[in-house]
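Each protein sequence line maps, in turn, to chains W and C.
Counting with the working numbering, you get residues 12 to 144 for the letters of the first sequence.
Counting with the working numbering, you get residues 209 to 378 for the letters of the second sequence.
Where a beta carbon is used, it is the ideal one built from N, C-alpha and C, also for glycine.
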Amino acid sequence: MTMTMNREQVFEQVRTVMVDALGVDDEEVKPEATLMGDLGAESIDFLDIVFRLEKAFGIKIPREELFPAEAILGNPEFVNNGRLTPKGLAELRAKMPHSDISEFAKNPDMSKFGDLFTVGMIVNFVENKLKAA
Amino acid sequence: MFYYSWVMRWIWIDKFVEFNSGESAIAVKNVTLAEEHLHDHFPGFPVMPECLIIEGMAQTAGILVGEAKKFKEKVILAKIKKAVFHNYVRPGDSLRLSAKIESIAPEAASTTGTVTCPDKIGNKLIAEIDLMFSHIDQNLAGKEFPKENFVFTDTFKSLLQGSAFKTVKG
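Structural data, given as structure tokens:
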């Protein structure tokens, strides 16, 4: 089901998903809000969010597409002492074109990786999937 | 011996009346004054606690999800997405717990469900309960968990085997 949605419409759907999955208010779901830090999402919530996004937009979201960290974390070429190597950063950029990692790149501490998951990043991800569909 | 009988009692559904592997299932739970907790909840006005209704749905939906994967993985209740209650459940009520698989992925499954009481006038809607289950082996491979953490004891498998329904063998 491909439909032409503008960014505003995508954002509204994503916001509904976040409100339903995380039990937060509409106003809390701002583009810069982080899913874990600001909205209190936990790992099981991510799976719930993926299911709801798939349903809302008629897209399929393979786990590795939204969460490439798992493949990256295990690889010593990409992560050294909890920080991303230049190779790791390049890999992250390639795997997450929907995310602005410029700030994270300044200090690529993997314990802060979660901060990349903002509402805006999810909106970008969905937009990319809809364009590709 | 004591442990075994304690585990035997934590079962909040009595039988399956419908079972469509990988899709949906309906279980029945009869509420009886022989259930000890009802005399405290509440004295003079026994009602089935909502958390136990949720547990019944978790068992119905959990077995549905587990059987869909031939019980190869441990299934645990991870999130109660929605639990809305519309009416009380009283002793003598016969509950019908109907669960449907909404999505199923390697690491989790999502179910929707309703609890009704067909005997009551108008086939009363008791509750709407949507759940999320996690498949443990896909998420926490290698960790050891005590046996009682899991939905599937042999009691539950025998509920299915004892019913008339053909399930996936294995």
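Secondary structure in the region 214-274 of chain C: no alpha helix (DSSP H) run of 4 residues or longer lies completely within the stretch. According to the DSSP assignment, Phe341 (chain C) belongs to the beta strand (DSSP E) that extends over Lys332 to His343.
For the C-beta of Glu315 (chain C), the chain W residues within less than 9 Å are, from N- to C-terminus, Leu58 and Arg74. The C-alpha of Arg104 (chain W) is placed about 40 Å away from the C-alpha of Ala269 (chain C).
When Cβ-Cβ separations below 7 Å define contact, Lys287 (chain C) makes contact with chain W. Residue state for Thr27 (chain W) is assigned as helix, using DSSP reduced to three classes. Assignment of Leu127 (chain W) by DSSP, reduced to helix, strand and coil, places it in the helix class. Among the residues of chain C, those whose CB is under 7 Å from the CB of Phe62 (chain W) are Ser311 and Ser318, following chain order.
The beta carbon of Asn135 (chain W) sits closer than 6 Å to the beta carbons of His109 from its chain, once the five residues preceding and following it are set aside; these are given in chain order.
Not one beta carbon of chain W lies nearer than 7 Å to the beta carbon of Met265 (chain C). Just so you know, the alpha carbons of Ser311 (chain C) and Gly252 (chain C) end up roughly 42 Å apart. Chain W places no beta carbon closer than 7 Å to that of Met256 (chain C), leaving this residue out of the contacts. Ranking W:Met16, W:Ile72, W:Asn92 and W:Thr129 by CA distance to the CA of Ala52 (chain W) puts W:Thr129 first. Met340 (chain C) has its alpha-carbon roughly 6 Å from the corresponding atom of Ala286 (chain C).
Relative to Gly274 (chain C), the option among C:Ile337, C:Glu336, C:Phe227 and C:Thr324 whose CA is nearest is C:Phe227. The beta-bridge partner set that DSSP reports for Arg304 (chain C) consists of C:Val236 and C:Thr324. Val61 (chain W): member of the alpha helix (DSSP H) spanning Ser54 to Phe68, first to last residue. With respect to Ile221 (chain C), Ala235 (chain C) sits close: the two C-beta atoms are nearer than 7 Å. Put simply, of C:Ala317, C:Ile337 and C:Ser318 the residue whose alpha carbon is nearest the alpha carbon of Thr324 (chain C) is C:Ile337. One Cα belongs to Asp111 (chain W), the other to Leu127 (chain W), and the distance between them is close to 8 Å. As a beta-bridge residue in DSSP terms, Arg94 (chain W) pairs with W:Asn91 and W:Asp120. Look at Phe115 (chain W) here: in three-state DSSP terms it is helix. C-alpha of Ala307 (chain C) to C-alpha of Met265 (chain C): approximately 7 Å in a straight line.
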